[in-house]
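Novice: Questions regarding the structure given below will be posed in turn.
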Amino acid sequence: MATSFQLAMAFAFSFYLAKAAPPVVSMEMEQAKANPVNMTVYYESLCPGCNFFITQELHPLWPKIKDLDLMTVNLLPFGNAQERRIGFQWEFTCQHGKAECTGNIVETCMIHYYPDTTKQLNMVACFNANYIGTLGADWQASLQNCSKTGVDVEKIKTCVTGHEGNNLEHIMAMNTGPHGYTPFIMLDGVVNPNAEDHLLSEVCRVYKGVKPPICSQ
């Protein structure tokens, strides 16, 4: 018959094993913790297709999925532009003219100062819609029209007209890889043309975790 001491030792040993044993993680739990899909978009401020994607596809979708850890957003407003160094600055040449280069820098400054995706998309979508609506006539007026999104208008103006905006746009150029058109959308590093018109379904298809209910809608 076991003594009290032996029973106590046996209990202590079983407790130690329970604490030391690695947790059992089911395949379902591992799938549920999959990384969000990383979406990267090469685009331009006066590109009609880019504007449609941002204002009609991406921006309306984001509030529905932002708390699901389903996707991250990386916007790169450079697109088909070219750059060359002149002294200590960069000179940009854009597909839709000089106004587009300026619009790209405005959105680059927004992206830099507002890394929160919700704020960023609210500001970029607002500016993009305003700017392309006037064919790039007045970037400052378009920016002012978006003050309701919480953007610090004066801070962005200073960024755009100074060395900071110029350097930030060069970084956008450095991060823009080879592409044949805009908007050029990549999901987890793979180009996905279907995402331009069917973003949610493509993100859900690429996502490796357990699909949230919105994916079946």
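The sequence shown runs -20 to -1, 1 to 197 under mature numbering (1 follows the signal peptide of the UniProt record, and there is no 0).
Glycine included, every Cβ here is placed at the ideal spot set by N, Cα and C.
With a threshold of 16 other CB atoms inside 10 Å of the CB of residue 163, please say whether the residue is buried or exposed.
Specialist: With 16 or more Cβ atoms within 10 Å of its Cβ, residue 163 is classed as buried.
Novice: Got a sec, what are the start and stop residues for the alpha helix (DSSP H) residue 156 sits in?
Specialist: Looking at the DSSP string, residue 156 is not in any alpha helix (DSSP H), and its letter there is neither H nor E.
Novice: What does the alpha-carbon distance come out to for the pair residue 86 and residue 27?
Specialist: Rounded to whole angstroms, residue 86 to residue 27 spans 15 angstroms at the Cα level.
Novice: Output yes or no for whether 8 angstroms exceeds the beta carbon distance between residue 17 and residue 50.
Specialist: Their beta carbons are under 8 angstroms apart, which means residue 17 touches residue 50 by this criterion.
Novice: Is it the case that the Cβ atoms of residue 122 and residue 114 are separated by a distance below 8 angstroms?
Specialist: Contact: yes.
Novice: Identify which residue in 193, 25, 194 has its Cα closest to the Cα of residue 106.
Specialist: That would be 25, whose Cα lies nearest to the Cα of residue 106.
Novice: Should the stretch 60 to 80 be regarded as contacting the stretch 32 to 42, the criterion being three or more beta carbon pairs within less than 8 angstroms?
Specialist: Too few Cβ pairs lie closer than 8 angstroms, so no.
Novice: Which ranges does the beta strand (DSSP E) cover as unbroken runs of at least 3 residues, wholly within the stretch 3 to 88, from first to last along the chain?
Specialist: Within the stretch 3 to 88, the complete beta strand (DSSP E) runs of at least 3 residues are 17 to 23, 51 to 57, 62 to 66, 69 to 73.
Novice: Judging by CA-CA distance, which residue of 22, 13, 31, 41 is the nearest neighbour of residue 182?
Specialist: That would be 41, whose Cα lies nearest to the Cα of residue 182.
Novice: Tell me the DSSP secondary structure of residue 101 in three-state form.
Specialist: Looking at residue 101 - three-state DSSP - the assignment turns out to be helix.
Novice: Bridge partners of residue 166, per DSSP?
Specialist: Residue 166 is bridged to 20, 171.
Novice: Could you check where the alpha helix (DSSP H) with residue 141 kicks off and where it finishes?
Specialist: Residues 133 to 141.
Novice: Compare the Cα-Cα distances from residue 184 to each of 22, 39, 52, 31 and report the closest residue.
Specialist: Of the candidates 22, 39, 52, 31, the one whose C-alpha sits nearest the C-alpha of residue 184 is 52.
Novice: Is it right to say residue 197 is buried, meaning 16 or more other beta carbons lie within 10 angstroms of its own, or is it exposed?
Specialist: Residue 197 is exposed by the Cβ-count criterion.
Novice: For chain B, check one thing: does any of its Cβ atoms lie closer than 8 angstroms to the Cβ of residue 35?
Specialist: Absent from the structure: chain B. Only one protein chain is present.
Novice: Between which residues of its own chain and residue 61 is the CB-CB distance below 6 angstroms, once the five residues before and five after are set aside?
Specialist: If we look at residue 61 and ignore the five residues flanking it on each side, its Cβ neighbours are 72, 74.
Novice: Would you give the residue range spanned by the alpha helix (DSSP H) that residue 182 belongs to?
Specialist: Looking at the DSSP string, the run of the alpha helix (DSSP H) that includes residue 182 is 179 to 186.
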